[in-house]
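Numbering (full-length UniProt numbering), first residue to last: 1 to 390.
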């Protein structure tokens, strides 16, 4: 135990209590926000009724749920939409599956664009540029290949568009985990990252998430077009800054869309979380710095070691139970994944958080789609090591 004077012990306890209160408040705000549509919040959607929409989906390779997520694109319950699939490599193994689906759904307007445009170091953005240029409609959704679109996907995006919107997006929600570390990824994505994103949006600090983004094409073209999103290595960070600079806001859908996970192992979860953390640290360092305090385990354990009394230990155990209980309640209210292993998943997640946070400050290299890159510059200069396994 660490011996501390009474004043220091009280200060440590007060600081820990403040962190607990802040995180519980974020859970409460997110719980109130998620599920509420624009009209329910006193600000109805101003999206033009039944306006045609272009859906641009960049694809690369086959994933565990590719057939299901791609098929959902053709089953949207919307009267006027087109699908534009962007594939950089003509030998990509996803192409035969995609062509079978396009043939099976001739009534859905769809196009395939082969080859990307190298505007910078973001491979997804490079893959979207030609699809954006080809989009025929004024409203364009950029959607990742692993988003599972419900039939009313477009309507849900539109419902969040208000008079001050510059962008509507959805954070990914982890679903259908087939391993313990996939549940750990759910713990990261859902009651931690999605929770903070919805709490931030409710407080007027909405920021973009690149999984699903609804743009008004004339608005973005007036700000420099899709190529302006190359201002940052992460297109969602660039989108956030662009929208704010234009005096607009980023809004979130009422209920975020799911991303089926399947099997995950520790190395996959670690690699993905470190990559995202390094990108956040480079693009929004002042917002990233406090992330060290968003997990329960570190502040509670450190405070317990500092105080070293049975009473303090009991208080901290109770605080931890309240914290994790609130996260479970949020998952229940939102209809997200829950299981008897989620408490263990929360603990593993929070044990990983300090290491992920420290790694984000220590290095600027990431592995993205099989390429090792240095993210200190906008163009993400490839490292000398070249391609590596993703």
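We put the CB at the ideal spot given by N, CA and C, even for glycine.
Open item on the list: Tell me which residues share the same chain as residue 90 and place their Cβ nearer than 6 Å to its Cβ, disregarding the 5 neighbours each side in the sequence.
Closed with: Cβ contact annotation for residue 90 (same chain, cutoff 6 Å, sequence separation greater than five): 114, in chain order.
Open item on the list: So, with DSSP's three-state summary, where would you put residue 1?
Closed with: Caution applies to residue 1, whose pLDDT of 44 falls short of 50 and renders its modelled position unreliable; the model cannot decide the point.
Task: Of the residues 120, 78, 76 and 70, the one placed nearest residue 96, counting alpha carbons only - done: When C-alpha distances from residue 96 are compared across 120, 78, 76 and 70, the shortest belongs to 70.
- [ ] Answer yes or no: the CB of residue 244 versus the heavy atoms of the ligand PLP, is any distance below 8 Å?
- [x] Among the components of this structure there are no ligands whatsoever, and the ligand PLP is therefore not found.
Task: Alpha-carbon to alpha-carbon, residue 227 and residue 216 - done: Spanning the two alpha carbons is a distance of roughly 15 Å.
TODO: Taking residue 146 as the reference, give the member of 26, 133, 62 and 49 with the closest Cα.
DONE: Ranked by Cα distance from residue 146, the options 26, 133, 62 and 49 are led by 62.
Open item on the list: Please report the straight-line C-alpha distance between residue 256 and residue 363, rounded to a whole angstrom.
Closed with: One C-alpha to the other measures close to 31 Å.
Open item on the list: Just to check my reading of the structure: residue 239 and residue 167 have Cβ atoms closer than 8 Å, yes? What is that Cβ distance to the nearest angstrom?
Closed with: Indeed, because the Cβ distance is near 6 Å, the residues count as touching under 8 Å.
Open item on the list: Run through the DSSP bridge pairs and tell me what residue 86 is partnered with.
Closed with: Answer is 58 and 113, bridged to residue 86.
Task: Pick from 201, 185 and 142 that is closest to residue 336, judged by C-alpha positions - done: Ranking 201, 185 and 142 by Cα distance to residue 336 puts 185 first.
Task: residue 154 - containing beta strand (DSSP E), residue span - done: Element bounds for residue 154: not the beta strand (DSSP E) but the alpha helix (DSSP H), 153-159.
Task: DSSP state of residue 216 mapped onto helix, strand, coil - done: In the three-state reduction of the DSSP assignment, residue 216 falls in the strand class, which pools E and B.
TODO: Assign residue 19 to buried or exposed, taking buried as 16 or more other Cβ atoms, counted over all protein chains shown, within 10 Å of its Cβ.
DONE: By the neighbour-count rule (16 or more Cβ atoms within 10 Å), residue 19 is buried.
TODO: Could you spell out where the beta strand (DSSP E) holding residue 261 opens and where it closes?
DONE: Counting along the chain, the beta strand (DSSP E) containing residue 261 begins and ends at 258-262.
Open item on the list: Within a Cβ cutoff of 8 Å, which residues of the same chain sit near residue 116, ignoring the five residues on either side of it in sequence?
Closed with: For residue 116, where only same-chain residues beyond five positions count, the Cβ hits under 8 Å are 86, 88, 123, 126, 127, 129 and 130.
Open item on the list: Going by the DSSP bridge assignment, what does residue 361 pair with across the sheet?
Closed with: Paired residues: none, contrary to the question.
- [ ] Would you please state the rounded distance, in angstroms, between the beta carbons of residue 295 and residue 338? I believe it to be under 8 Å.
- [x] The Cβ separation is near 19 Å, so there is no contact.
Open item on the list: DSSP three-state label for residue 384, please.
Closed with: Confidence in residue 384 is poor, its pLDDT being 33 and thus under 50, which makes the residue's placement unreliable; the coordinate value appears in the next sentence. The answer is strand: DSSP assigns residue 384 an E or B state.
TODO: Between the Cα of residue 266 and those of 55, 82, 179 and 157, spot the shortest distance and give me the residue it belongs to.
DONE: Nearest C-alpha to residue 266: 179.
Open item on the list: Alpha carbons only, please: which of 151, 288, 313 and 172 is nearest the one belonging to residue 81?
Closed with: The option with the nearest alpha carbon to residue 81 is 151.
Task: Where the beta strand (DSSP E) through residue 165 begins and ends - done: Taken as a continuous stretch (DSSP letters only), the beta strand (DSSP E) holding residue 165 covers 165-170.
Open item on the list: Alpha carbons only, please: which of 173, 218 and 251 is nearest the one belonging to residue 203?
Closed with: Answer by Cα proximity: 251.
- [ ] Verify whether the separation of the beta carbon atoms of residue 84 and residue 111 is less than 9 Å.
- [x] At a Cβ-Cβ threshold of 9 Å, residue 84 and residue 111 count as neighbours.
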